[in-house]
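Residue numbers (UniProt numbering): 1 to 578. In this text, a Cβ means the ideal position worked out from N, Cα and C, and glycines have one as well. Each remark here refers to the structure printed beneath this line.
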């Protein structure tokens, strides 16, 4: 059984010949990152291969440094480790690596060239032995353990590296195929229960890099892997074929979209990259593709190509010494030289003491005549959950503005007789009616609400109901399996005020409940006291249905405020809109 407190531990388990996984586990979330938002804990997986030579894969971040090294010492003498292989490097992981090098200074670090550059900056005062992987190379550990290296870079992780062991057929995938769930399962038995978590992880981390993810899948497809040694979550054995196919399908869905946004950024300490990730999540959930570009590693022609084919562009920068980094200034010149004045723009950045870089970008775009898709986002130090939610909403607003412009263009073409008449099927579907309700929810410091009319009772025992939520709704990311909400049913004849309030566009981070009478339900979510009735619910399942998620929720308790009133009903003439 998992511990009931928030303790950390290291689970050591044999996974193949001469191979063990050391799973540094926490049942709490580690930090403010959008991919941790489901708050199911996580595992940071490291691997140990003991052939004639010994290799350690991916020491965990500083949250686990002490317990990881203690677990490692129980297994081997760290001074006998010949190689440390890094799937990617960041300052957090470098803390543990530095502690390891202090007791085993002769270790050779194996990583890509971008990883080596980062490592030398982060550990500038530490003497390092680095073996740089520049392409498809191998390393023989003896006893049949021949490691094949495959660089699999993407903008968020330009140093990403996958490694395949010929003897055991384990493919060490680092960030690919993982999820943030803490538990006792080492492998993915009953893998369908992880589907939502793996999809969420993909949407947060991989979707903005769909083109590079497809390239990575092409690079590793000929490796006859029997196990994916993931960086987070359970190892993939039972769902290997299905999950690989899902990754390709999810990435293809992103790359095939007809609207795209160029998201260009640099990140000194990871905070700007985290903001970029949240904005990208908001854009992709609204059905618009993102071409994510790390200005620190991208070539000028990559930036130019992305700008020319995009409908909008967003730039993000840290402020270093009162200025934007050189790479951002160079990228800015490329953007201004190639972006059409009809393209939508956006600006964001993080800073410690000042935010001149954000001001520079904003002034350049406004002076050049570009329309801003959201107000510039300025984040001091590490973004909080509330800030990341605001960034996600800003991304969604940006995408919706692009889609609105496309719809306007389409209507012009229809008026000119370029397209066919109104679809009769849509007219028939529009005759389906639904109750007018307000869905409200709250999760720690973040709250949300939306008007819903696609609501229906689904089961008697347990009492259950379904709610359809558009993927682009801000509230969607607060309604995952296990989350709670309140369904507030509106009364006929007294619903227009409430309906208009929750129909109006809200700015990112704006309080949806300002001026609305509420009280707190037992599940912590707001009850609208002017409603006809309310039902406290918990999401039991959710299913992807085209441009919506269909939630199945169990009704836990409820109350009718007006026994003589009737439910407001929404009548439509077309099934193409609400």
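Worksheet item: Is the region 318–330 touching the region 264–280, taking contact as three or more C-beta pairs under 8 Å?
Response: yes
Discussion item. Taking a contact to mean a Cβ-Cβ separation below 8 Å, would you say residue 209 touches residue 292 in this structure?
Written reply: yes
Practice prompt. Taking all protein chains shown into account, decide if residue 59 is buried (16 or more other Cβ within 10 angstroms of its Cβ) or exposed.
Written response: buried
Worksheet item: Around the C-beta of residue 353, are 16 or more other C-beta atoms found within 10 angstroms, so that it is buried, or is it exposed?
Response: exposed
Worksheet entry | Candidates 153, 361, 501 and 79: closest to residue 220 by CA position | 153
Fill in: Residue range of the alpha helix (DSSP H) that includes residue 200
195–201
Discussion item. So, for residue 126: in the same chain, excluding its five sequence neighbours on each side, which residues have a beta-carbon less than 8 Å away from its beta-carbon?
Written reply: 98 and 101
Discussion item. For residue 132 and residue 551, I'd like the C-alpha separation in whole angstroms.
Written reply: 48 Å
Discussion item. Please classify residue 40 as buried or exposed, where buried requires at least 16 other C-beta atoms within 10 Å of its C-beta.
Written reply: buried
Fill in: Inside the region 2–86 only - beta strand (DSSP E) runs reaching at least 3 residues
8–16, 19–26, 42–50, 54–57 and 83–85
Worksheet item: Rounded to whole angstroms, how far is the Cβ of residue 530 from the Cβ of residue 498, which I believe are closer than 8 Å?
Response: 6 Å
Worksheet entry | Residue from 323, 385 and 256 whose Cα sits closest to the Cα of residue 358 | 323
Practice prompt. Return the residue from the list 190, 26 and 15 that minimises the CA-CA distance to residue 183.
Written response: 26
Discussion item. Can you check which of these residues, 11, 157, 78 and 230, is closest to residue 176 by C-alpha distance?
Written reply: 230
Worksheet item: Per DSSP, what kind of secondary structure is residue 542 in: helix, strand or coil?
Response: strand
Worksheet item: From residue 213 to residue 249, what distance separates their C-alpha atoms?
Response: 11 Å
Item to complete: Leaving out five residues on either side along the sequence, give the residues of the same chain with a beta carbon under 7 Å from the beta carbon of residue 243.
Response: 177, 198 and 236
Worksheet item: So what does residue 438 bridge to, in DSSP terms?
Response: 451 and 488
Discussion item. Using only the alpha-carbon positions, how far apart do residue 403 and residue 289 sit?
Written reply: 12 Å
Worksheet item: Do residue 68 and residue 22 come within 8 Å of each other at the CB atom, strictly closer than that value?
Response: yes
Worksheet item: Is residue 156 helix, strand or coil when you go by DSSP?
Response: coil
Worksheet item: What span of residues does the beta strand (DSSP E) with residue 378 cover, start to end?
Response: 377–380
Fill in: Among 299, 161, 505 and 36, nearest to residue 88 - alpha-carbon criterion
161
Practice prompt. Count the other CB atoms, across all protein chains shown, that sit within 10 Å of the CB of residue 10; report buried if there are 16 or more and exposed otherwise.
Written response: buried
Practice prompt. Quick one: which unbroken alpha helix (DSSP H) runs of 4-plus residues sit fully inside the region 489–576? Chain order, please.
Written response: 496–503
Worksheet item: With DSSP run on the structure shown, which of helix, strand or coil describes residue 419?
Response: Low local confidence applies: a pLDDT of 44 at residue 419 is under 50, so the model's placement there is unreliable, with the coordinate-based value given in what follows. Coil, per DSSP.
Discussion item. Going by the DSSP bridge assignment, what does residue 232 pair with across the sheet?
Written reply: 44
Practice prompt. Give the DSSP-derived three-state secondary structure of residue 578 in the structure shown.
Written response: coil
Discussion item. Contact defined as beta carbons within less than 8 Å: I believe residue 453 pairs with residue 436. What is the distance between those atoms, to the nearest angstrom?
Written reply: 6 Å
Discussion item. Give me the residue from 192, 63, 547 and 38 with the minimum Cα distance to residue 287.
Written reply: 547
Discussion item. Taking its Cβ as the centre, do 16 or more other Cβ atoms sit within 10 Å of residue 94, making it buried, or is it exposed?
Written reply: buried
Practice prompt. Compare the beta carbon distance of residue 518 and residue 484 with 8 Å and say whether it is the shorter of the two.
Written response: no
Worksheet entry | Cβ shell of residue 369 (< 8 Å), same chain only, five flanking positions each side left out | 341
Worksheet entry | residue 504 to residue 434 span [Cα, whole Å] | 20 Å
Discussion item. What does the alpha-carbon distance come out to for the pair residue 564 and residue 525?
Written reply: 26 Å
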